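Colleague: My structure is below; once you've seen it, I'll send some questions.
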Amino acid sequence: MASSRKPPRPHAFATLVLHAGEGAHAAGDPVVPPLVQSVNYVQEPGSDDLMYTRYGNTPNADRIQKRLAALEGAEDALVLASGMGATACGLLALLRPGDHLLASQYLYGGTYRLLMEEFQLMGIDVTLVEPFEPRAWRRRLRKETRAIFIESPVNPTCRVLDMRGVSLLTKELGIALVVDSTFASPVNFRPLEHGADVVIHSATKFLNGHHDVLGGVVCGTTPYIDEVRQKEIVWGQTPDPFACWLLERGLKTLDVRVQRQNASAQRLAQWLEGRKEVRRCHYPGLASHPDHAIAVDQLDGFGGMISFELGGGARAADRFAKRIKLIRYAASLGGVDTLVSEPRFSSHARFSPDERARVGIPDGFIRLSVGLEDCDDIMADLEQALR
Ligand SMILES: Cc1ncc(COP(=O)(O)O)c(C=O)c1O
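Take the sequence shown: its letter number 270 is residue 250 in this note's numbering, and every next letter is one higher.
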C-alpha cells in the first residue's frame, strides 16, 4: 500500500483542530460554518457530478474530512455514520472473499463480532492473535493474508501495542496495517507516524467529545479512501450533515479537552492504584502498567481512559455502580462528562466470563472515562462510592 502520510503540517495541532481544511475567508463570511441540511443539490442537466448526502461529498462532510485528514497526517479521510460503519467499510475496502485478516485478540466487542461473525459469513477468514507473544503476527501469516488490524490503546484494558515490529512486517509484505485509534485520539497518538496505513476512529468518542453524535472516521491514501467511499455509498453508512456539523464543533475543543483528560486521568489513576479496594489499576501512564515503556515511547499523552479491578469482584462492582453520584453509569466514552461502565454488561456483554477473563476483563472490572469536571470532585465521588 502506498504511503498515506502527507508532508509536514503547516500549523500546530491546536490550530489545526480549529482551522485545517478551511478556505480563504472574506468580509461577511460567517465565523461558524453554516449547516447545509439539504440532501439534494441542483445539477447541470446531463452531468454526472452528483452531490448527495449518501455520497459523503456534501459541504459539512467535506469540511470535516479535510480537517480529520490533517489531524492524522493522512492524505484523505472519510466520515461515516458510526465507528462500526468506519471499521466495516474500512476493512471491506481492503478484503475480498477468500482473503485472510490477522487481528489482535484485544478488540472492542462490536469489532470482534464484525470480524468473527459477519466477515466469516462473507468468506473472509480472520485469525485472532495474541499480539504480545514474540513473532505472533509472522507465525500466523498465510499467503492470503491481506491486512493486520489492531486496536491501541485497547478498549477496555488500556493495553498499548508496540507498532514497530508489526509495521515493519506489513511494509515488508506490502499488506495494510489498520489501527483503531479511538482510545487515544490524534492528540495522543497518530498511527500513520508509526507505520500504519489506515486509521479508524469511533468519532462518537473523543473526536466529538460531547456524547451527542454517533460517527466514525477512516483516514488513509486518496485511492483507498475512494474505495471506502464506494462501500459507504452502497452500505448506506454516511452521516447526516447535522452530525458532521456537530462533530466539527466538538473537534474545535479536542486538543484542550484531551490535554485536560490526560492530566486528570493520570492523577486519578495514581490515586486509584493506592486504594485498598482496588486490586489493580490499568493506565498506561502508571509505571506499573505492562506497556508503560511503549506508551512513553509512542504516545504523546496517556489518555482519558482508566480501568480498575475491584478486590470484591462483581458484588463490589454492583455496590460501586449504585453509589456513584456525580459520575454517571453509562456506556460510551471520551466525552466531557465522566462515565463508568462495566464491560461485562456493555462492550463485552456477548463474551462468556471465560472469554472475558482471557482478554483481561475479570468480574469487578470497571472502566472509567474521565471527563472535564474538577478532578477533586471526580475523586471525591469515586472515594465515597468505593468506601
Ligand atoms: C475502540 C472502539 N472502536 C469502535 C467502536 C464503535 O464505535 P461506534 O459506537 O461509534 O459505532 C467503539 C465503541 O465503543 C470503540 O470503543
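Yeah, the Cβ is synthetic: ideal placement off N, Cα and C, and Gly gets one too. Just so we're clear, the structure is a prediction, and the values are computed from it rather than from any experiment.
To the nearest whole angstrom, what separates the beta carbons of isoleucine 304 and valine 320, a pair I think is in contact under 8 Å?
Modeller: 6 Å
Colleague: On the CB-based measure, 16 or more other CB atoms within 10 Å of its CB, does leucine 157 come out buried or exposed?
Modeller: With at least 16 other beta carbons inside 10 angstroms of its own, leucine 157 counts as buried.
Colleague: Please give the ranges of any beta strand (DSSP E) in the segment 238 to 277, keeping only runs that are unbroken, at least 3 residues long and fully inside the region.
Modeller: 258 to 262
Colleague: Can at least three beta-carbon pairs, one atom from the segment 50 to 60 and one from the segment 160 to 176, be found at a separation below 8 Å?
Modeller: yes
Colleague: Go ahead and pull the three-state DSSP assignment for histidine 5.
Modeller: In this structure, histidine 5 counts as coil in the three-state DSSP scheme.
Colleague: Under 7 Å from any heavy atom of ligand 1, does the C-beta of methionine 227 make it?
Modeller: Here the sequence assigns leucine to residue 227, which means methionine is not the residue at that position. Every heavy atom of ligand 1 is 7 Å or more from the Cβ of leucine 227, so no.
Colleague: Considering only residues of the same chain and omitting the five flanking positions on each side of leucine 266, which have a CB-CB separation below 8 Å?
Modeller: Non-local C-beta neighbours of leucine 266 in its own chain, meaning closer than 8 Å and more than five positions away in sequence, comprise Ala249, Gln250, Glu253, His272, ordered along the chain.
Colleague: Whole angstroms is fine: what's the gap from leucine 101's alpha carbon to aspartate 192's?
Modeller: 33 Å
Colleague: State yes or no: is the C-beta of glycine 78 within less than 8 Å of the C-beta of glutamate 124?
Modeller: Yes; because the gap between Cβ atoms is below 8 Å, this pair is in contact.
Colleague: Can you give the Cα-Cα distance for isoleucine 180 and threonine 91, rounded to whole angstroms?
Modeller: 12 Å
Colleague: Give the single residue among Asn135, Pro10, Leu149, Leu194 whose Cα lies nearest to the Cα of alanine 66.
Modeller: Leu194
Colleague: What do you reckon, are the CB atoms on arginine 47 and alanine 4 nearer than 8 Å?
Modeller: no
Colleague: Which residue from Gly200, Glu228, Gly315 puts its Cα closest to that of aspartate 177?
Modeller: In this structure, Gly200 is the residue among Gly200, Glu228, Gly315 with its C-alpha nearest to the C-alpha of aspartate 177.
Colleague: Any heavy atom of ligand 2 within a distance shorter than 7 Å of the CB on tyrosine 309?
Modeller: Of the ligands one can find in the structure shown, namely ligand 1, none is ligand 2.
Colleague: Tell me which residue opens and which closes the beta strand (DSSP E) that lysine 80 is part of.
Modeller: For the sequence presented, residue 80 should be read as histidine rather than lysine. Unbroken beta strand (DSSP E) run through histidine 80: 80 to 84.
Colleague: Pick from Leu141, Leu(-4), Gly175: whose alpha carbon is nearest that of leucine 148?
Modeller: Gly175
Colleague: Please look up how many angstroms separate the CB atoms of histidine 262 and phenylalanine 288, rounded, as I've assumed it's under 8 Å.
Modeller: 7 Å
Colleague: When the Cα of asparagine 20 is compared with those of Glu363, Arg93, Tyr35, Gly26, which residue comes out closest?
Modeller: Taking asparagine 20 as reference, the option from Glu363, Arg93, Tyr35, Gly26 with the minimal CA-CA separation is Tyr35.
Colleague: Is aspartate 317 a contact residue of ligand 1, with contact defined as CB to any heavy atom under 7 Å?
Modeller: no
Colleague: So, leucine 290 versus arginine 338, is the Cβ gap smaller than 8 Å?
Modeller: no
Colleague: Please identify the residue among Gly103, Glu113, Gly63 whose C-alpha is closest to the C-alpha of glycine 145.
Modeller: Glu113
Colleague: Taking the alpha helix (DSSP H) that isoleucine 44 falls in, what are its first and last residues?
Modeller: 39 to 52
Colleague: I'd like to know whether the C-beta atoms of tyrosine 309 and alanine 301 end up nearer to each other than 8 Å.
Modeller: yes
Colleague: Measure the C-alpha to C-alpha separation of serine 84 and leucine 352 and round it to an integer number of angstroms.
Modeller: The alpha-carbon of serine 84 is positioned some 31 Å away from that of leucine 352.
Colleague: When every heavy atom of ligand 1 is checked, does at least one fall within less than 7 Å of the C-beta of leucine 157?
Modeller: no
Colleague: When the distance is taken between beta carbons, is threonine 137 closer than 8 Å to tyrosine 86?
Modeller: yes
Colleague: Please say whether valine 59 and alanine 183 have beta carbons closer to each other than 8 Å?
Modeller: yes
Colleague: Helix, strand or coil for glycine 283 per DSSP?
Modeller: The DSSP-derived three-state label of glycine 283 is coil.
Colleague: Give me the Cα-Cα distance between alanine 6 and glutamine 17, rounded to the nearest whole angstrom.
Modeller: 23 Å
Colleague: Using only the alpha-carbon positions, how far apart do asparagine 135 and leucine 141 sit?
Modeller: 12 Å
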